[in-house]
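Residue numbers (our numbering): 127 to 374.
For each residue, glycine too, the CB sits at the ideal point set by N, CA and C.
Quantities reported herein were computed from a predicted structural model and do not represent experimental measurements.
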């Protein structure tokens, strides 16, 4: 158990709810708290990540940004799990779609997260570890997506270490993208695999729910403002999962 406050979190023990929603963007964390929480309180702002705790449908729940990439979410999720007694972390982010049947604003629920990262090396696992979400969170997310009328997809996502890939000199330019596509990977993001590994290591639960912000194959895209403020269906789904998990 880490002592609190931690190096990256000024909150006190007990300041966070059992479930924490974790967007990458601090402004999205602020938007979630101000839009959905009753009596939101800023409990952490180290490095401007903006962590809030409030109540949703009578349940104490928190939201805190993770920043971008697996090293960042690895630090924040480790501290929440091991310092603050958080049991469930639900990443709520954006992703780039790879399959033709997935469209802008659809939800992808990451049952598994393949990755090109070396994040798993620290756990001294013999062979290749397969990061997967908590089945309890997945099943509750599906129920919540149905209840909220969301168009959603459940399956494998890819957590990439690189946002700007170097495709110079690669035949056909996007070989790696099409390799993911042909293996049925739904979308690409940058954090879920590390979150899933930390949850597995420390006996906690994790899930990644993403809204499709762009389509890598088709070239469709949303704006930064839309990504910050318009992904409300994903937010409602994640909050409903937090309510469902409160007594588990």
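Tell me residue 279's beta-bridge partners as DSSP assigns them.
-> Residue 279 is bridged to 234.
Quick one: what's got a C-beta closer than 7 Å to residue 172's C-beta in the same chain, skipping five residues either side?
-> Annotation for residue 172: 134, 135 and 136 place their beta carbon closer than 7 Å to its own, counting only its chain and skipping 5 residues before and after.
Cβ pair residue 145, residue 214 closer than 8 Å = yes
Cutoff 7 Å; reference residue 200; Cβ partners in own chain excluding five residues on either side = 245, 320 and 324
Under the DSSP definition of a beta bridge, which residues are partnered with residue 148?
-> 217
As assigned by DSSP and simplified to three states, the class of residue 186 | strand
Residues of its chain near residue 138, where Cβ-Cβ distance is below 6 Å and the 5 sequence neighbours each way are ignored | none
Residue environment, residue 202, which counts as buried when at least 16 other CB atoms sit within 10 Å = Taking a 10 Å sphere around the C-beta of residue 202, we find 16 or more other C-beta atoms and assign the residue as buried.
Integer Cβ distance of residue 263 from residue 367, believed to fall under 8 Å = 6 Å
For residue 262, the three-state DSSP class (helix, strand or coil) | helix
Which of helix, strand or coil DSSP assigns to residue 253 | coil
Starting from the Cα of residue 179, find the closest Cα among 192, 194, 160 and 197 and give me that residue.
-> 160
contact_flag[the stretch 334 to 348, the stretch 212 to 232] where n(CB pairs < 8 Å) is 3 or more = As far as the Cβ criterion goes, the stretch 334 to 348 touches the stretch 212 to 232, which means the pair count is three or higher.
Among the residues of its own chain, which have a CB less than 6 Å from the CB of residue 204, if the five just before and after it don't count?
-> 324
For residue 344, which option in 307, 322, 351 and 328 has the closest C-alpha, if you only look at C-alpha atoms?
-> Out of 307, 322, 351 and 328, 307 has the C-alpha closest to the C-alpha of residue 344.
If we call anything under 8 Å between Cβ atoms a contact, is residue 365 one with residue 234?
-> no
Flag this pair as yes or no: are the beta carbons of residue 280 and residue 248 separated by less than 8 Å?
-> no
Backbone CA spacing between residue 334 and residue 303 [nearest angstrom] | 20 Å
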